[in-house]
Amino acid sequence: DAKTTQPNSMESNEEEPVHLPCNHSTISGTDYIHWYRQLPSQGPEYVIHGLTSNVNNRMASLAIAEDRKSSTLILHRATLRDAAVYYCILRRWGSARQLTFGSGTQLTVLP
Amino acid sequence: GAGVSQSPRYKVAKRGQDVALRCDPISGHVSLFWYQQALGQGPEFLTYFQNEAQLDKSGLPSDRFFAERPEGSVSTLKIQRTQQEDSAVYLCASSLGGTSYEQYFGPGTRLTVT
Chain L
17 DAKTTQPNSM ESNEEEPVHL PCNHSTISGT DYIHWYRQLP SQGPEYVIHG LTSNVNNRMA
77 SLAIAEDRKS STLILHRATL RDAAVYYCIL RRWGSARQLT FGSGTQLTVL P
Chain Y
8 GAGVSQSPRY KVAKRGQDVA LRCDPISGHV SLFWYQQALG QGPEFLTYFQ NEAQLDKSGL
68 PSDRFFAERP EGSVSTLKIQ RTQQEDSAVY LCASSLGGTS YEQYFGPGTR LTVT
């Protein structure tokens, strides 16, 4: 599986936007980009996924570079409840198999 | 609706004891996964079921680890003769399968081996 690279940690102020970067320079044409997050003492939860076009849902937006070698998860207005570890994961199209987690980015939201 | 549930939430075992961890997936979910998460690290894959069939057990760290899903719903992860290095959070996830990508995770079972 192609690997992803994320910063170990980031900080944001409450009610400000947060941009979480992910590099995936060896991504293949059939790899989807998935984001999960893990709040303290909970299991991971799905956030968003995309292939080529930017995606929006109620939780976040996903901006994908034109060459697909990087992506950015955007939280439009961070709240204290968004403090979590965010994982960027590549998943081959059609695969119902396991997720391969890296170490993720620990997001701290400051009041 | 009900999510993925796991029991017990916490388990303390003495080294050498056997433990059994239970996972109740979301009703109707075909795929079920077990992951192990050490402190400060991301979850690591252990094993994968599609209905009752165990399609991949490549992540199980040793033959002391055994998982089953006999009727295609509830799953049990068993660890025999526990060792200190087995201390971790064990996460269960389920998904509809097929082209449905989203996995739904339970809260995990924190196992501490003393």
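Protein sequences, first through last, are from chains L and Y. Convert by adding 16 to the 1-based position in the first sequence; the result is the number in the working numbering. Convert by adding 7 to the 1-based position in the second sequence; the result is the number in the working numbering. Where is the CB? At the ideal position from N, CA and C, for every residue including glycine.
So, under 8 Å CB-CB, residue i and residue j are touching, yes? Tell me the CB distance rounded to an integer number of Å.
i, j, result
"L:THR121", "L:ASN39", "Not confirmed; about 12 Å, so no contact."
"Y:GLN43", "Y:PRO50", "7 Å"
"L:SER28", "L:ALA94", "5 Å"
"Y:TYR111", "Y:GLY35", "12 Å between Cβ atoms; not a contact."
"L:CYS104", "L:ILE49", "7 Å"
Give every residue of the same chain whose Cβ lies closer than 6 Å to the Cβ of residue i, excluding the five residues on either side of it in the sequence, and list them in chain order.
i, result
"Y:LEU119", "Before going further, note that residue 119 of chain Y is Thr rather than Leu in the sequence given. The residues are VAL19, SER94."
"Y:PHE28", "Note on identity: in this sequence residue 28 of chain Y is Leu, with Phe being the wrong assignment. Contacts found: LEU84, TYR97, THR116."
"L:LEU36", "LEU89, TYR102, THR121"
"Y:ALA82", "With the sequence shown as reference, residue 82 of chain Y is identified as Ser, and Ala is not the correct amino acid for it. Taken in chain order, the residues that qualify are CYS30, LEU39, ARG76."
In its own chain, which residues sit with a C-beta less than 7 Å from the C-beta of residue i, not counting the 5 before and 5 after it?
i, result
"L:ALA79", "ASN70, SER87, THR88, ILE90"
"Y:LEU67", "LEU53, THR54"
Could you pull out every residue in the same chain whose Cβ sits closer than 8 Å to the Cβ of residue i, ignoring the five residues on either side in sequence?
i, result
"Y:PRO77", "GLU59"
"L:ARG77", "As written in the sequence, residue 77 of chain L is Ser, which differs from the Arg given in the question. Counting only Cβ-Cβ distances below 8 Å, and skipping sequence neighbours, we find ILE64, ASN70, VAL71, LEU89, ILE90, HIS92."
Let's test the definition: count the other Cβ atoms within 10 Å of the Cβ of residue i and tell me whether it reaches 16, buried, or not, exposed.
i, result
"L:GLY59", "buried"
"L:THR124", "exposed"
"Y:THR121", "exposed"
Residues of the segment 49-73 of chain L in Cβ contact with chain B at a cutoff of 9 Å, in chain order, please. Among the protein chains in the structure shown, which are L and Y, there is no chain B.
Taking only runs that begin and end inside the segment 31-60 of chain Y, name each unbroken alpha helix (DSSP H) of 4 or more residues, in chain order. none
Three Cβ pairs or more, each shorter than 8 Å: is that satisfied between the segment 106-115 of chain L and the segment 74-90 of chain Y? no
In chain order, each beta strand (DSSP E) run of at least 3 residues that lies wholly inside the segment 66-120 of chain Y: 72-75, 82-86, 95-102, 116-120
I'd like the ranges of any alpha helix (DSSP H) spanning at least 4 consecutive residues and lying wholly in the segment 28-68 of chain L. none
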